[in-house]
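What follows is one structure encoded as structure tokens, with my remarks underneath.
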Amino acid sequence: MEEIILKAKLRKELGKKINAGRRAGMIPAVLYGKGADNENLWIETLDLKRLLKKSGESVIINLEIENGKKHNVLINELQENPVNRNYIHVDFYRVKMDEKIETEIELVFTGESKAVKESGGILVRSLDKIKIKCFPKDMPSYINVDISNLNAFNDRVSIKDLKIDPMIEVKTDPKTVVVSVAPPRSEEELKELEGKVEEDVTKVEGVVKETPEGEELKEPVETSKKEKSDKK
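In this note's numbering, the protein residues as written are 45 to 276.
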């Protein structure tokens, strides 16, 4: 397994004070896990982006902190700004290499479906991740889904059809459909859908929620998983 290294600095700033660090190209982070106290950290934004582009999110990372400590970690939560999609916070979870872990692994779709290319079928992706359990050394960065055998309408690929290392235990129901091909919609179906959309738009026209005078709208924060309020 390739060693993936990410460097981190200790962070004292909390609350609103972390915004200055973000403007300086840093991302606030928290390291936590069994048998140790939480640690507040800074990560270089560019370093994290390079790591994600090269290796993805579901990989074991060797986190090197400036105080000399090193930890094997997983990215447990990655928060983004919903407007500009910039990363604004990351949670790292310590893992023990001799203990199995449960996590979600991304599905990557490859190949070309004959039913889509030649017959105009619609590719329907039902899942983009599946839950697995394994030792950290056996954890893949992704699982491949080959769609080249989808030759006719209503053909499908289920989890049980995927080629997965026997060292990996799949926790999601093996009968779950991952991807399928639906027949193209007829002109009548498309017109019916257009009518429903127009009807829905008409219902909400003119409905504007006002903000009380003197109050400002608060910008929402989108999280990739449930936010943990005690970590910042």
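Just so you know, even glycine gets a beta-carbon here, dropped at the ideal spot from N, CA and C.
Cβ neighbour criterion (16 or more within 10 Å) applied to residue i
i: Lys60; result: exposed
i: Glu101; result: buried
i: Arg169; result: exposed
i: Gly69; result: exposed
i: Met183; result: buried
i: Val248; result: Bear in mind that the predicted position of Val248 carries a pLDDT of just 48, short of 50, making it unreliable; the figure below should be weighed with that in mind. Under this definition Val248 is an exposed residue.
i: Ile49; result: exposed
i: Ser192; result: exposed
i: Val245; result: Note that Val245 scores 46 on pLDDT, short of 50, meaning its location in the model is unreliable and no value can be drawn from it.
i: Asn120; result: buried
i: Pro126; result: exposed
i: Ala64; result: exposed
i: Ala52; result: buried
i: Lys204; result: exposed
i: Pro72; result: buried
i: Thr220; result: exposed
i: Glu254; result: Low confidence applies to Glu254: its pLDDT is 38, below 50, so where it sits in the model is not reliable, and the reading given next is rough at best. The residue in question, Glu254, is exposed, as its Cβ has fewer than 16 Cβ neighbours within 10 Å.
i: Arg55; result: buried
i: Asp142; result: exposed
i: Gly79; result: exposed
i: Asp81; result: exposed
i: Phe136; result: buried
Bounding residues of the alpha helix (DSSP H) (the contiguous stretch that carries residue i)
i: Arg94; result: Thr89 to Ser99
i: Ala64; result: Ile62 to Arg67
Span of the beta strand (DSSP E) around residue i
i: Pro72; result: Met70 to Tyr76
i: Val221; result: Val221 to Ala226
i: Ala52; result: Ile49 to Leu54
i: Lys114; result: Lys114 to Glu124
i: Ser202; result: Arg200 to Ser202
i: Glu108; result: Ile105 to Ile109
Whole-Å CB distance - residue i paired with residue j, under 8 Å assumed
i: Ile104; j: Pro180; result: 5 Å
i: Val117; j: Leu171; result: The pair is not a contact, with the Cβ atoms about 25 Å apart (cut-off 8 Å).
i: Ile166; j: Val225; result: 7 Å
i: Gly155; j: Asp190; result: 5 Å
i: Thr216; j: Ile174; result: 4 Å
i: Glu213; j: Lys177; result: 4 Å
i: Val139; j: Ile145; result: 6 Å
i: Pro218; j: Ser202; result: 7 Å
Closer than 9 Å to chain C by CB, residue i
i: Ala64; result: In the displayed structure, chain C is absent; only one protein chain is listed.
### Message
Would you call the segment 98–117 in contact with the segment 68–86, where contact means no fewer than 3 C-beta pairs closer than 8 Å?
### Response
Counting C-beta pairs with one atom in each stretch, the segment 98–117 and the segment 68–86 have three or more that are closer than 8 Å, which means they touch.
### Message
So, does the segment 181–197 touch the segment 157–169, judging by three or more C-beta pairs under 8 Å?
### Response
Two segments are said to touch when three or more pairs of C-beta atoms, one from each, lie closer than 8 Å; by this definition the segment 181–197 touches the segment 157–169.
#### Entry: Length at least 3, wholly inside the segment 135–194: the beta strand (DSSP E) runs in chain order
For the segment 135–194, whole beta strand (DSSP E) runs of length 3 or above, ordered along the chain, are 145–154, 166–169, 173–178 and 187–190.
### Query
Would you say the segment 89–97 touches the segment 148–156, given that touching needs at least three Cβ pairs under 8 Å?
The segment 89–97 vs the segment 148–156: no contact.
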